[in-house]
Amino acid sequence: MPVCQNCGTKWTWKQTIRRLFRLNCPYCETKQYESASSRFRNGGLALLPLVLILPINVLFDFSVGTTIIIGIIITLAILGLYPFVLNLSNEEEAFW
Ligand SMILES: [Zn+2]
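Read in order, the letters of the sequence shown are residues 0 to 95 in numbering that gives the first Met the number 0.
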């Protein structure tokens, strides 16, 4: 789970999900950023649904509707895993 770099408090899974897009600490209200290494790792995670769904679709010949539902399920599963892999930083870090 992510730890606030300002006050050192560990966020819960629920708190992280509710703050996925703003990332402000629920305890000290400080704006947090995703660290560069975390962003690099999770960028791959975001592409996973696409990478997974193409071969699945080819293999089983699903209809468009089924493919979309599977895509949503995979995306939600990845979103649910996100708090476990998220690392926080006090400043916006560059990749380089
Ligand atoms: Zn904090």
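Where is the CB? At the ideal position from N, CA and C, for every residue including glycine.
Since we're looking at a predicted model, the values are computed, not measured.
With a cutoff of 8 Å on beta-carbon distance, Q4 and S62 are scored as not near each other.
Within the DSSP bridge table, the entry for E33 names L87 as partners.
Taking I77 as reference, the option from C6, R21, I16, G7 with the minimal CA-CA separation is I16. It is roughly 25 Å from the alpha-carbon of Q31 to the alpha-carbon of L47. Residue pairing by DSSP places V57 in no beta bridge whatsoever.
By the neighbour-count criterion, in which a residue is buried when 16 or more other Cβ atoms sit within 10 angstroms of its Cβ, C27 is exposed.
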